[in-house]
Structures are given as C-alpha cells and as structure tokens.
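In the working numbering, the protein residues as written are 5 to 142.
As structure tokens, this is what we get:
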C-alpha cells in the first residue's frame, strides 16, 4: 500500500520542481556525485552513518526527507519501499536515474508529504529527517 500511495503522490510532489532534463549527465553524475559525498551536512563520515544505522529499528517503509547524498539510505538494509524527498531537483533527478528497486524520489517539501500520508503510517515506517542547517546555527 505504501508503494502505491508514494507513486500516486509523485505528480503532486513534483509540481514544485523545476525542469532539469536539459542538464548534462556530467553535471548530474560527475561533479554532483563528488560533491554529494563531501556535503557538509552529509552522513558519510566514518562513524556517523554506522551510529545512526545501528539505532534504526526494522521497517518496511523508509522515508528520508532532505535526502541529499543518501548517506544512510545507501548503506542501510533496504526497506520494501523507500521514499526519498528533496527540494533540489538535481538531487531528485540523480536518485531517479539511479533507479533503486522499491524506491521513489520526489521533489518538494517533505512536511506536506508527511502530513498527507499520516493516516497510512504505522510501526513498519521509519522516517528519517535531518534537514540541512544554516552554518551560523552549528
């Protein structure tokens, strides 16, 4: 059920996205992938992702808002359904092109998506939210 509902909301969540179809593959894959792994808010550092993943309970549905490089998503045990949400259309396009089985990448604000799916959430859902922080708040 979660996978179907995630696919149904793709069109509405993508309405806020700008078109990135004209960007070259190099901008989406070459430069971008290199930058994603070194993003200041990323969870790619040794010790960081391991610590967070150890705290995750088993789950059938995984939702990650502000997914960015997907440092956790790429390393954790896959869920049956994963919903990756980011407001940056280049990030979303990157994840769509990866075509990870059982996952859907949506462009937009994670909060309205969560609100629209609140009635479907149960103990089999894991929602990971760690938005980027302004440098002056760190």
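In this text, a Cβ means the ideal position worked out from N, Cα and C, and glycines have one as well.
Please classify residue i: does DSSP put it in a helix, a strand, or coil?
i: residue 64; result: coil
i: residue 76; result: coil
i: residue 84; result: coil
i: residue 90; result: strand
On the DSSP letters alone, give me the boundaries of the beta strand (DSSP E) that residue i sits inside.
i: residue 108; result: 107-111
Straight-line CA distance for residue i to residue j?
i: residue 78; j: residue 100; result: 14 Å
Going by CA-CA distance only, name the one from the options that's closest to residue i.
i: residue 126; options: 63, 55 and 54; result: 63
i: residue 80; options: 56, 93 and 87; result: 56
i: residue 112; options: 90, 71, 61 and 97; result: 90
i: residue 84; options: 114, 98, 106 and 121; result: 106
i: residue 104; options: 86, 59, 68 and 72; result: 86
Give me the Cβ distance between residue i and residue j, rounded to the nearest whole Å; I'm assuming they're in contact under 8 Å.
i: residue 69; j: residue 133; result: 5 Å
Following a CB-centred definition, is residue i positioned closer than 8 Å to any heavy atom of the ligand SAH?
i: residue 119; result: Of the ligands one can find in the structure shown there are none, so the ligand SAH has no counterpart to examine.
Could you give the first and the last residue of the continuous alpha helix (DSSP H) run that contains residue i?
i: residue 58; result: 52-58
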